[in-house]
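Counting from 16, one number per residue, gives the positions in the sequence shown under my numbering.
Just so it is clear, CB atoms sit at the ideal spot from N, CA and C, and this is done for glycine as well.
Keep in mind it's a predicted model, so treat the numbers as computed, not measured.
Here is the structure we will look at, set down as structure tokens.
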Amino acid sequence: MAQTTPNHTQTVSGWAAHDSSGKITPYVFKRRANGVNDLTIEIFYCGICHTDLHYARNDWGITMYPVVPGHEITGVITKIGSNVRGFKVGDRVGVGCLAASCLECEFCKSSQENYCDQTQFTYNGIFWDGSITYGGYSKFLVADHRYVVHIPDNLPLDAAAPLLCAGITVYSPMKENKMLESPGKKLGIIGLGGLGHIAVKFGKAFGLHVTIISTSPSKEKEAKQRLGADDFIVSTHPKQMEAKKRTLDFILDTASANHSLGNYLELLKVNGTLVVVGAPDKPMELPSFPLIFGKRTIKGSILGGMKETQEMMDVCGQRNIKSDIEVVKTDQINQALDRLSRNDVRYRFVIDIACKSAKM
Ligand SMILES: [Zn+2]
Ligand SMILES: [Zn+2]
């Protein structure tokens, strides 16, 4: 492992955390020269994901400092390698969490690169050439074209950025569990944050009955009026939870705070499924009775494959699905991370890397 290898000839300005204080400061580093399979992308925008905060502060004990976070990246292609097909200079594109995978295993061969056990992430990963990957809090990115998607013309690059992590994270399990082909079914979403608010949009776009399950009663009005949710349950309110037992077909659990699964499982009909996509850092309590008595299923899901990510992006273009964002300048990243740690954002911060927002 090395921070750079001899092929790293391009100097790039970015922003990095250098220790577990998580404070982000300007950082100049090297990226690899654009290889035959690579695209170079001028980064316009980068979303701020909760994962960025965890890595910046080394919450999971696996951060390799300095870390340049960011895996919700949008921009425009400035260079392409000789093997690249399907992209050209000037194309509007996005890069999410994946930087590399083995390309040979059953998952890579079936467009499920996200489940390859050699997957390397866009930052804090080790690329094929042995270098540490650096993410989208930077002026440009060199990415293998197999992990790049097109952004439809009608989607603005700022509001499209969060789709690359938050969007695909909720789209993939909804599709996998056939919720996108079952209008009228009842979808529950635990947590109304970056992931949850996009899940509401997919749910409504595909004709589902959408219920938000949240600890914050204050979010009810907005969930219904602004996002179009049909119902709202305050999870800390036992009577409300009791009244909604056995009403939902499917639950997406986006909550990253620690929580027990038992009461949520009770909301599912018999044979219902709960998919965990949030990442609480402690084990989740799982009482057996709600599982057994309702023949219910709990699954996990991470991101989506690249083919599916492109499909999701196209669906968002067709149905005009975008993230609700608050755009911040590069000198406001630390404030944004602080506010994110208090869930004080509706619903995703996006960094204006190229200072485009005034002109667009
Ligand atoms: Zn993310
Ligand atoms: Zn693989």
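Selected residue, minimal CA-CA separation from residue i, among the options
i, options, result
"L202", "G150, G218, P41 and E119", "G218"
"I39", "I317, R47, K45 and W30", "W30"
"A244", "T262, M256, K260 and A220", "A220"
"V292", "A158, E281 and G209", "G209"
"G277", "M299, I248 and N335", "M299"
"T89", "S197, E237 and R107", "R107"
"I336", "V157, A174 and G109", "A174"
"V343", "T324, I147 and K371", "K371"
"V110", "K322, D346 and L352", "K322"
"T345", "K236, K154, F247 and D168", "K154"
"M189", "C180, F265, F136 and S303", "F265"
"D168", "Q347, C331 and D339", "C331"
"W75", "L179, M194, P171 and K297", "K297"
C-beta atoms of residue i and residue j nearer than 8 Å
i, j, result
"I213", "V185", "yes"
"H23", "F102", "no"
"R311", "L283", "yes"
"Y42", "P84", "no"
"Q325", "V225", "no"
"G206", "A270", "yes"
"Y149", "F44", "yes"
"S35", "A181", "no"
Own chain, CB closer than 7 Å to residue i, minus 5 neighbours either side, in chain order
i, result
"V360", "E341 and R354"
"A369", "E57, I58 and F59"
"A272", "P295"
"K374", "Any reading at K374 must be qualified, since the residue scores a pLDDT of 48, below 50, and its modelled position is unreliable; no value is offered."
"V51", "G96, S97 and N98"
"S356", "L68"
"G319", "N129, I183, Y186, S187 and M327"
"M16", "Note on M16: pLDDT 44, under 50, position unreliable in the model; no value is reported."
"A71", "A32, G37, I39, V82, P84 and L352"
Heavy atom of ligand 1 within 7 Å of residue i beta-carbon
i, result
"C61", "no"
"H86", "yes"
"T24", "no"
"C112", "yes"
"T66", "yes"
"C180", "yes"
Residue burial classification, residue i (beta-carbon count within 10 angstroms, cutoff 16)
i, result
"L54", "buried"
"I77", "exposed"
"H252", "exposed"
"L301", "exposed"
"E128", "buried"
"Q333", "exposed"
"N192", "buried"
"P21", "exposed"
"G151", "buried"
"S116", "buried"
"K234", "buried"
"T216", "At residue 216 the sequence reads Lys, which differs from the Thr that was named. By the neighbour-count rule (16 or more Cβ atoms within 10 Å), K216 is buried."
"Q350", "exposed"
"Q240", "exposed"
"P305", "buried"
"A258", "exposed"
"A238", "buried"
"S229", "buried"
"L263", "buried"
"V157", "buried"
"E196", "exposed"
"I307", "exposed"
Close Cβ partners of residue i (< 8 Å) along its chain, the five nearest in sequence each way excluded
i, result
"C120", "C131, D132 and Q133"
"G222", "P198 and G199"
"N358", "G208"
"L113", "E128, N129, T134, Q135, F136, T137, Y162, L318 and M321"
"V104", "I92, T93, K94 and I95"
Own chain residues within Cβ distance below 6 Å of residue i, not counting five before or after
i, result
"G62", "E87, A176, P177, R363 and V365"
"I313", "L289"
"H33", "Y80 and P81"
"R261", "K284"
"V249", "P232 and Q255"
Residue i CB to nearest heavy atom of ligand 2 below 7 Å
i, result
"Q135", "no"
"S116", "yes"
"F122", "yes"
"E323", "no"
"C331", "no"
"E393", "This structure cannot settle anything about residue 393, because the visible part of the chain is limited to 16 through 375."
"C131", "yes"
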